[in-house]
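To start, the structure itself, in structure tokens.
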Amino acid sequence: MPPRAKPTRTTATTAASPKPDLQNEQVQGTGDTHPTEPKSQTAKAVTSKKTAAKQAAGPVSAETGMGTVDTHSNAETLDTHSKAATKTKDTAATVAGSKKASPKKAATPGTVEGTVDTHQTKTNSTKQAASLRLAKAELKRLDWICQQLLATDHVDPRQQLLSKHEKMASNPFRFMRGSAGLFYADLQQGVLKLPASIAQWPLTMVQGDCHLSNLGLFTEEGSSGDLVKFGPNDFDDACIGHAGWDLLRLSLSFILAVRYCRAVQQGELDDAETRDALPKQALADDNDIRSALLQLQQSYRRTSMKIIEDPEVRYHAITDFDKDHVLKPLLKKAIARSLKGDKFWSHSSLAKQVDLNQLPLRFKDKPGKLQRPDATQLQVLREVFAPYAGDYIHDIVLRLGAGTGSLNMQRYYLLVGPAQITSKDDLTLCYLVEVKQQRSAAPLAFFSELSPMNRLSPAHLTVDCQRQMLRRPDLVLDELQWDGNHYLVRSLHHANVDIEPADVVSAKALWQYADACGQAMALVHNRGDRRSIRFAKAVAATPEQDWQQLVTNIWQYAAQQQRDCALLQQQLQQTRGRGVV
110 MPPRAKPTRT TATTAASPKP DLQNEQVQGT GDTHPTEPKS QTAKAVTSKK TAAKQAAGPV
170 SAETGMGTVD THSNAETLDT HSKAATKTKD TAATVAGSKK ASPKKAATPG TVEGTVDTHQ
230 TKTNSTKQAA SLRLAKAELK RLDWICQQLL ATDHVDPRQQ LLSKHEKMAS NPFRFMRGSA
290 GLFYADLQQG VLKLPASIAQ WPLTMVQGDC HLSNLGLFTE EGSSGDLVKF GPNDFDDACI
350 GHAGWDLLRL SLSFILAVRY CRAVQQGELD DAETRDALPK QALADDNDIR SALLQLQQSY
410 RRTSMKIIED PEVRYHAITD FDKDHVLKPL LKKAIARSLK GDKFWSHSSL AKQVDLNQLP
470 LRFKDKPGKL QRPDATQLQV LREVFAPYAG DYIHDIVLRL GAGTGSLNMQ RYYLLVGPAQ
530 ITSKDDLTLC YLVEVKQQRS AAPLAFFSEL SPMNRLSPAH LTVDCQRQML RRPDLVLDEL
590 QWDGNHYLVR SLHHANVDIE PADVVSAKAL WQYADACGQA MALVHNRGDR RSIRFAKAVA
650 ATPEQDWQQL VTNIWQYAAQ QQRDCALLQQ QLQQTRGRGV V
């Protein structure tokens with residue numbers, strides 16, 4: 110392992126990067142060079158029967174016998190198609206009976222009445238047969254979705270309602286965020302594929318649940334540092350795997366985020382918060398999305414080639430942006446919230462959760478978000494968490510309703526600092542620690558044998574990956590086992606600014622954000638092997654057609670995810686209609 114160089118700062122220069130010319134760089138391997146914009150992100154994505162009949166994709170496993178098909182409530186699901194199926198059988202029986210009862214007659218010269226009736230009957234029968242095939246394909250896909258959600262969340266949407274599933278069904282972007290298990294199940298079964306050469310890259314440490322909102326601006330070393338940088342900020346699903354997974358999932362999130370914002374803007378989805386945050390500029394169209402995805406790839410490749418030239422580049426961090434970059438104002442916001450910023454006492458993570466003007470220190474009362482344990486529970490939690498907190502624990506609360514993929518996972522917030530608080534200087538030494546229940550990384554249900562390291566306990570694997578993928582990881586970063594579960598312990602950054610879809614969905618903003626994401630992901634992937642530059646060389650050697658095929662594959666899968674969201678929404682309506690809670 111080469112000697113670790115002194116960390117240096119580097120500026121993201123996205124504004125200077127040439128924007129790809131789509132006229133000369135069309136994605137190959139698809140006839141959809143100007144894809145039609147979807148009119149709805151909800152049930153309309155399913156009810157377009159012609160499109161769905163062509164594209165509805167059930168996993169290979171459903172035909173090979175993998176998994177048990179639970180038919181409970183399927184008779185109720187999509188009953189419109191079920192009725193159509195019954196009508197198809199009745200029509201077929203009527204036609205068959207008519208043929209048996211009536212001898213074949215020659216058409217009367219000069220008339221077409223008999224011919225028209227026969228043609229209409231055949232047309233209706235064909236449409237009804239297509240409807241039956243569509244219903245079967247949708248039921249098959251719905252069963253696959255429910256199997257994966259059951260495996261991840263231990264709740265079958267056909268049997269029981271779960272707040273996480275309700276949140277996922279609200280729009281396809283939320284669905285994508287909560288269905289990482291389905292994403293990897295589809296990869297295993299070939300519903301979604303990595304291009305051949307990208308699948309042959311050396312394995313490395315991957316984020317696992319890489320999407321638009323799982324990168325952001327935060328302080329290095331958790332709450333112990335004051336240097337703000339941009340990069341991936343969620344490692345709950347990190348493991349040893351294919352870097353192409355992160356590129357696919359990140360690209361998917363770009364497509365669905367823009368379509369989600371379009372639907373909100375056009376009134377097809379009701380989300381006042383997102384609507385109010387939408388930019389004044391026109392939202393990106395499908396060609397703009399393709400341009401952004403190609404730039405993400407170019408930035409990823411460019412950074413990898415720089416690492417080939419100088420391996421110490423892998424220790425760089427993105428700490429600044431040009432003044433007209435979409436992330437520049439968000440960077441300023443994060444810096445202001447850091448310990449040395451002018452908004453620390455009002456907008457930092459600590460100030461948002463704790464009343465810093467009263468002693469003894471305690472968390473604010475936030476019903477529905479923070480829940481206080483009783484005195485007995487508090488004492489037990491203090492004893493369990495004390496060895497990992499790094500200082501005296503002043504208060505503990507249970508965090509409610511955070512995230513999407515991890516919405517149903519238990520998490521605690523600890524208020525930590527000097528035992529005696531006597532001055533404002535003492536308050537600057539206080540910080541928050543999150544203790545969050547961990548489950549196995551999403552890819553490992555399907556790709557566990559890629560590396561022996563993936564057999565580590567879930568929290569242990571997360572800690573090891575985070576320590577290697579980040580240049581300066583959190584100083585409070587550990588794992589513990591308690592009450593039969595694995596927990597990740599980490600400090601919460603004082604300065605933390607997440608990226609929401611509305612922040613980056615104009616054409617220029619999306620392109621700039623893609624450029625920054627490509628650089629950030631190349632840095633963390635290349636840190637997975639600090640002994641060589643083999644990974645970077647494999648990236649540089651990837652043929653152009655495979656980069657283009659990656660865009661084609663994820664574009665098609667985005668349409669599948671939109672249909673999946675609509676299917677889940679319909680199933681939850683059926684479950685709710687039976688009085689299930």
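In our numbering, the protein residues as written are 110 to 690.
A virtual CB, placed ideally from N, CA and C, is assigned to each residue, including glycine.
So, does the CB of residue i fall closer than 9 Å to a CB anywhere in chain B?
i: L559; result: The structure shown contains no chain B; it holds only a single protein chain.
Near residue i, which residues of its chain fall below 8 Å by C-beta distance, leaving aside the five closest residues on each side in sequence?
i: A650; result: S306
i: D355; result: V315, Q316, G317, C319, M630 and H634
i: P311; result: D638, R643, F644 and A647
i: L681; result: P266, L270, H274, E275 and A278
i: R576; result: P582 and L586
i: D535; result: G526, P527 and Q529
i: P610; result: F282, L321, S322, A366, V367, Y369, C370 and T383
i: A495; result: I502
i: C255; result: D179, D265, P266, R267 and Q680
The alpha helix (DSSP H) that contains residue i, what's its start and end?
i: K276; result: S272 to M277
i: P341; result: Looking at the DSSP string, P341 is not in any alpha helix (DSSP H); the run it does join, the beta strand (DSSP E), is V337 to P341.
i: S292; result: A quick correction: the sequence has Phe, not Ser, at residue 292. A289 to Q298 is the span of the alpha helix (DSSP H), which, as asked, contains F292.
i: H569; result: P567 to M578
i: V660; result: E653 to G686
i: L536; result: K533 to L536
i: S306; result: A305 to A308
i: F344; result: Careful: F344 lies outside any alpha helix (DSSP H) and carries neither H nor E.
i: L553; result: L553 to F556
For residue i, report the span of its beta strand (DSSP E) as first-last.
i: D504; result: Y501 to R508
i: S615; result: Premise fails: S615 is in no beta strand (DSSP E) and is neither H nor E.
i: T328; result: L324 to T328
i: V640; result: A small fix is needed here, since residue 640 is Arg in this sequence, not Val. Here R640 belongs to no beta strand (DSSP E), and DSSP marks it neither H nor E.
i: G526; result: R520 to G526
i: Q269; result: No beta strand (DSSP E) holds Q269; DSSP gives it neither H nor E.
According to DSSP, what are the bridge partners of residue i?
i: V422; result: Its beta-bridge partners do not exist; DSSP assigns none.
i: M314; result: I349
i: S600; result: V542
i: D607; result: G325
i: L586; result: R599
i: N594; result: W591
i: Q547; result: H595
Among residues of its own chain, excluding the 5 on either side of residue i, which ones have a beta-carbon nearer than 7 Å to its beta-carbon?
i: E172; result: Any answer about E172 is weak, because its pLDDT of 35 lies below 50 and its placement is not dependable; what the coordinates show is given next. If we look at E172 and ignore the five residues flanking it on each side, it has no Cβ neighbours.
i: P482; result: L490, I505 and L507
i: C626; result: L324, L359 and L405
i: T328; result: G334, D335, L336, V337, S447, H602, H603 and A604
i: D607; result: S322 and G325
i: L553; result: C348 and N563
i: R636; result: R423, Q577 and M578
Return the chain-ordered list of same chain residues with a C-beta closer than 6 Å to the C-beta of residue i, the five sequence neighbours on each side being excluded.
i: A381; result: none
i: A460; result: W454
i: H456; result: R446
Any heavy atom of the ligand HEM within a distance shorter than 8 Å of the CB on residue i?
i: Q269; result: Among the components modelled here there is no ligand, and therefore nothing to report on the ligand HEM.
Please specify which runs of the alpha helix (DSSP H), each continuous and at least 4 residues long, are wholly inside the segment 346-395, giving them in chain order. Every alpha helix (DSSP H) stretch that sits fully inside the segment 346-395 and reaches 4 residues is listed by chain position as 352-374 and 381-386.
Give, in chain order, every unbroken run of the alpha helix (DSSP H) that is at least 4 residues long and sits entirely within the segment 431-499. Restricted to the segment 431-499, the alpha helix (DSSP H) segments that are unbroken, complete and at least 4 residues in length are 437-446, 453-456, 458-462 and 484-498, listed in chain order.
Taking one C-beta from the segment 667-680 and one from the segment 450-460 each time, how about it: are there three or more such pairs within less than 8 Å? Cβ pair count under 8 Å is below three, so no.
Examine the Cβ distances between the segment 318-335 and the segment 279-291 and report whether three or more of them are shorter than 8 Å. The answer is yes - the segment 279-291 touches the segment 318-335, with three or more Cβ pairs under 8 Å.
Take every Cβ of the segment 545-553, pair it with every Cβ of the segment 565-583, and state whether three or more of those distances are shorter than 8 Å. Touching, yes, given that three or more Cβ pairs across the two stretches are closer than 8 Å.
Does the segment 557-564 touch the segment 615-623, meaning 3 or more C-beta pairs lie closer than 8 Å? Contact fails between the segment 615-623 and the segment 557-564, because fewer than three Cβ pairs, one in each stretch, are under 8 Å apart.
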